[in-house]
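Quick notes on the structure that follows.
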Amino acid sequence: MLNEIIKTAEELNTAALHYRQSGNMDGVRELAKVHAVSKKQTEEFIQGSR
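Numbering that gives the first Met the number 0 applies: residue 0 is where the sequence shown begins, and numbers increase by one.
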């Protein structure tokens, strides 16, 4: 459902940050997949280096 309302990179980053802070790494990965973010960038984001 959240994927349907994300329209900008800023919204995507905000949603991903919320998922990461909530411990929902699967949610981060799903957002990344739907929005064509590379696995490398996704894992760096999850680790906090991005």
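From the three backbone atoms N, C-alpha and C, an ideal C-beta is built for every residue, glycine too.
None of the values given here were measured: they were computed from a predicted structure.
Quick check: residue i and residue j, are their CB atoms within less than 8 Å of each other?
i   : j   : result
V27 : A8  : no
I45 : M24 : yes
At which residues does the alpha helix (DSSP H) containing residue i begin and terminate?
i   : result
G26 : 24 to 33
T13 : 8 to 21
I45 : 38 to 46
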